[in-house]
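The next block holds one structure in the form of structure tokens; read it before the comments.
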Amino acid sequence: MPVLDQYLADCKFILVSNREPYEHVRGVEGIEVRQPPGGLVSALDPLMQRIHGTWVAWGSGSADAETADELGRVQVPPGDGSYTLRRVWLNDEDVEGYYHGFANRALWPLCHLLIHHFEFRTEFWERYRAVNLRFAHAAADEAERCTGRAMVWIQDYHFALVAEALRAMRPSLFIHQFWHIPFPPPDIFRLLPVGTHVALLRGLMGNDLMEFQTERHAMNFLECVEQFVDGATVDRDRRRLTYQGHTTYVDAFPISIDVARFTEMANSARALELVETLRSRYARDDRQLGVAVDRVDYTKGIPERLRAIEYLWTTAPELRERVTFLFVCTPSRSNVPAYAALEQEVGALVTAINEQFGTPDWTPIVLVNSNVDADLLAAVYRAADLCLVSSLQDGMNLVAKEFIAAQVEEKGVLVLSRFAGAAEEMDDATLVNPFNLDGFAAAIRSALAMLPDERRRRMRRLRAQLTRSTIFDWLESILAGATAIIDAQAGPRPAPRKSEETDGHPPEAGP
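Per this note's numbering, the very first residue in the sequence shown carries number 45; after that it's consecutive.
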């Protein structure tokens, strides 16, 4: 990454996230080290190793405290120790109030426009504020330990208040934040109590750069600031706002995946063996295999998808036994009542559909309720003739991109909700409205009937687009945008080479 090399060589890079990249847990044979699954960790861990930064995160492992020093610091990866992990300790009340409470019962449904799940409690909000302040103190302490410049990059909706608190402690820091989920329009955001929604906006305005998945989410944020924060000046054309003498730039940076890694996994010997097994079991004799991969979350539209499939087989009986759907549904937040209820609803719908349409030789929907390794998922994606992504709202949705990366034979069709951020990049997907029952069913039927040449043409274009926009391009773009603002704030610096220019993101940002 040339931008990274040029600008961060003399800068301490501090990353703040809820989940840690490595956790120490007690196992049967002593303390074990685990790396939590997820595309963000797999992308940022090599970056942190390369630049020897500091990662501030919740120490959630059962043996984390035993392996860290008195400040919660430990060198990672194990055996290498190329960067520092600074753990922040949370007790059960913190986790319940900050994480399960305000972050996931208030902000999460609100940002996804699913207000019937929205629940605000003052005790949750107070705990969220306290935990955010604790993370701000940890990041400030790490910044004070460096002899030169420092940059802090905050991740997601768990930490809407960190930037403002951190700026009060360390005014010279460059602080930026990526908001991974949707940002709601003002009419939804105002459902928060007045003091709370203004506090959240002011917290985010403590950043020098606010990063969103799509232009729509970025504009929603600017509109909320314009409506709710007295004294703020918003310039939508230049995508910036000014408040109490501080300027925050706002832009869209759609996240992606490690395309080469997913393609490599889809081409592995293990994947090829599983592809053959899946197709011989579910897609022999010109039958087709449809897949869907989700966390069990009410934002993913899993019941809506199941009802569309039920409607399809009810109205088009000739398609029964012609397609089998494999649903990989990973349990998530099961201690939150809405998620536990959703797990039961999905299981009941699958059972009812299988009883209604199944035969002794055909199970219409195969439900897998467990975590599946990424290399196995790559094989599932490669084996599939179509993939259903039915998000009711989504910041991006990386399943859509994983499916494309694994489609090395270019025979699959992506049926994608138009309410996922990914839809704004994927013109060759079959776009659907998951709330439109018969329209969704018709789209599935159309995908099943799509001719091989048309499938290949569409998938080839989707793969070409994805190859030009990987997670590493995402990182490069964000860091280029951040360093361009640093340049504008500090005055003239040597111009980057042509290959290092930032392709329209905030280089024009100036005071």
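From the three backbone atoms N, C-alpha and C, an ideal C-beta is built for every residue, glycine too. Remember, it's a predicted structure, so these values are computed and weren't measured experimentally.
Other residues of its chain near residue i: CB distance less than 7 Å, five sequence neighbours each side excluded
| i | result |
| --- | --- |
| R284 | T291, T292, Y293, V294 and A553 |
| D126 | The amino acid occupying residue 126 in the given sequence is Ser; Asp does not appear at that position. So the list reads Q93 and H96, once near-sequence residues are dropped. |
| V319 | A423, R426 and A427 |
| V278 | L266, V269, E270 and L285 |
| V120 | P65, Y66, Y127 and L129 |
| T343 | H156, L158, S435, L436, Q437 and D438 |
Spatially closest choice to residue i from the options, by CA coordinates
| i | options | result |
| --- | --- | --- |
| W518 | H241, R501 and D302 | D302 |
| I159 | G103, L235, D281 and H241 | L235 |
| A473 | Q437, L430, G439 and P496 | L430 |
| M503 | G456, T343, A493 and G465 | G456 |
| G439 | V196, H202 and I299 | I299 |
| V416 | P65, A487 and P80 | P80 |
| I58 | R70, E73, D89 and I75 | D89 |
| Y19 | E167, V242, E255 and E259 | The requested residue 19 does not occur in the structure, where the chain is confined to residues 45 to 555. |
| E446 | S461, S434 and D419 | D419 |
| S216 | L475, A310, A107 and E188 | E188 |
| G483 | L84, Q400, V196 and E354 | E354 |
| R63 | R78, E73, V72 and G74 | R78 |
| A310 | L506, A449, V412 and A493 | A449 |
| V412 | T403, T395 and D405 | T395 |
| R331 | Q257, T407 and A276 | T407 |
| L523 | D471, D231 and V196 | V196 |
| T98 | A486, D185 and A532 | D185 |
Residue i - DSSP class collapsed to helix/strand/coil
| i | result |
| --- | --- |
| V242 | helix |
| E64 | coil |
| T511 | helix |
| L495 | coil |
| Q79 | coil |
| H160 | helix |
| I407 | According to the sequence displayed, residue 407 carries Thr and not Ile. It is coil, neither helix nor strand. |
| T474 | strand |
| L386 | helix |
| H202 | helix |
| L59 | strand |
| L235 | coil |
| T307 | helix |
| D89 | helix |
| T291 | strand |
| S490 | helix |
| W99 | strand |
| H224 | coil |
| T358 | helix |
| S461 | strand |
| L248 | helix |
| D438 | strand |
Beta carbon of residue i nearer than 8 Å to that of residue j
| i | j | result |
| --- | --- | --- |
| V443 | T307 | no |
| V60 | A209 | no |
| G116 | H68 | no |
| F222 | D252 | no |
| H156 | Q437 | yes |
| Y66 | L129 | yes |
| E562 | H220 | Residue numbering for the chain in the displayed model covers 45 to 555; residue 562 lies beyond these limits and cannot be assessed. |
| G250 | R211 | yes |
| V132 | V100 | yes |
| A526 | F203 | no |
| A112 | R70 | no |
| N264 | P229 | yes |
| A385 | S378 | no |
| T403 | E365 | yes |
| R351 | L475 | no |
| F463 | S435 | yes |
Nonlocal neighbours in the same chain, by C-beta distance under 8 Å from residue i, ignoring five residues either side
| i | result |
| --- | --- |
| F162 | R149, A150, P153, L154 and L235 |
| R489 | L356, A360 and L363 |
| L432 | G334, V335, A336, R349, F369, V459 and I488 |
| L205 | Y172, R173, N176, L177, A180, A243, L244 and G247 |
| S513 | P298, S300 and E469 |
| P122 | Y66 and V77 |
Sequence-distant residues of the same chain with beta carbon closer than 6 Å to residue i, five excluded per side
| i | result |
| --- | --- |
| K56 | C190 and A194 |
| F168 | G141, G145 and F146 |
| H181 | none |
| A466 | M440, N441 and A444 |
| Y326 | L333 and T368 |
| L322 | A427 |
| R280 | L266 |
| R505 | D472 |
Minimum Cβ-Cβ distance from residue i to chain B less than 8 Å
| i | result |
| --- | --- |
| D330 | The question asks about chain B, but that chain is absent: this structure has only one protein chain. |
Practice item. Count the CB pairs spanning the stretch 380-400 and the stretch 519-526 that are closer than 8 Å, and state whether there are at least three. Key: no
Point to revise | Any 3 or more C-beta pairs closer than 8 Å across the stretch 337-354 and the stretch 371-383 | key: yes
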